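Undergrad: Submitted below is the structure of interest, expressed as structure tokens.
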Amino acid sequence: MSTCASKRLTISTIIALFKEFTGASVTQRIANPPCDLQLKKAQNGRNHKGLAEKDKNGRNHKGLAEKDKNGRNHKGLAEKDKNGRNHKGLAEKDQNGRNHKGLTEKDKNGRNHKGVTEEDQNARNHKGQTEKDKNGRNHKGLAEKDQNGRNHKGQTEKDKNGRATRV
Numbered sequence: 050m051s052t053c054a055s056k057r058l059t060i061s062t063i064i065a066l067f068k069e070f071t072g073a074s075v076t077q078r079i080a081n082p083p084c085d086l087q088l089k090k091a092q093n094g095r096n097h098k099g100l101a102e103k104d105k106n107g108r109n110h111k112g113l114a115e116k117d118k119n120g121r122n123h124k125g126l127a128e129k130d131k132n133g134r135n136h137k138g139l140a141e142k143d144q145n146g147r148n149h150k151g152l153t154e155k156d157k158n159g160r161n162h163k164g165v166t167e168e169d170q171n172a173r174n175h176k177g178q179t180e181k182d183k184n185g186r187n188h189k190g191l192a193e194k195d196q197n198g199r200n201h202k203g204q205t206e207k208d209k210n211g212r213a214t215r216v
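Going letter by letter, the sequence shown gives residues 50 to 216 in our numbering.
This is the structure:
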């Protein structure tokens, strides 16, 4: 044998050396690896693979899922309002707890205030140029009251006895 042939290792010699040092066959060593080669166990005895983590309920924590105060998954930008319902978009609550949509406002009687409508002193709708006189009646056009509370129309005037004097 040449010196090169004597130093050549064959598969059978490798297996023989392995048995000599470990005292077991190759298949037994692969089936029962030493402690440092075994997979790490998670706290519940299962194999811990990769980066999986457990949340407080013992479930896998995947990705960016977070729990809200009710224990449900917090997905995206959903927020809870004061009643525990999802707060979606720009909806706001008015003083009565209803959704405030658009430009709707409440008047002093709790009704919707729509457009340019205004309330007069008697809580009636003020439409157009209508005004109230001192007796709460509509003041239309140029009608005026005389000292006796009657309409003053045209050129009619009263004399000292309350009779009409026409010019």
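The C-beta atom is built at its ideal place from N, Cα and C for all residues, glycine as well.
If you're wondering where the values come from, they're calculated on a predicted model, not measured in any experiment.
#1: Is N197 closer than 8 Å to G185 when the C-beta atoms are compared?
#2: Do you know offhand how far G133's Cα is from K183's?
#3: Would you tell me roughly how many angstroms separate the C-alpha atoms of K129 and N119, rounded to the nearest one?
#4: Can you give the Cα-Cα distance for N158 and G146, rounded to whole angstroms?
#5: Can you give the Cα-Cα distance for T59 and N106, rounded to whole angstroms?
#6: Going straight from the alpha carbon of R199 to that of K207, what length do you get?
#7: When the Cα atoms are used, what is the spatial distance from S61 to E69?
#8: Alpha carbon to alpha carbon, how far is K103 from R121?
TA: The relevant details are as follows:
#1: no
#2: 51 Å
#3: 10 Å
#4: 16 Å
#5: 55 Å
#6: 11 Å
#7: 12 Å
#8: 16 Å
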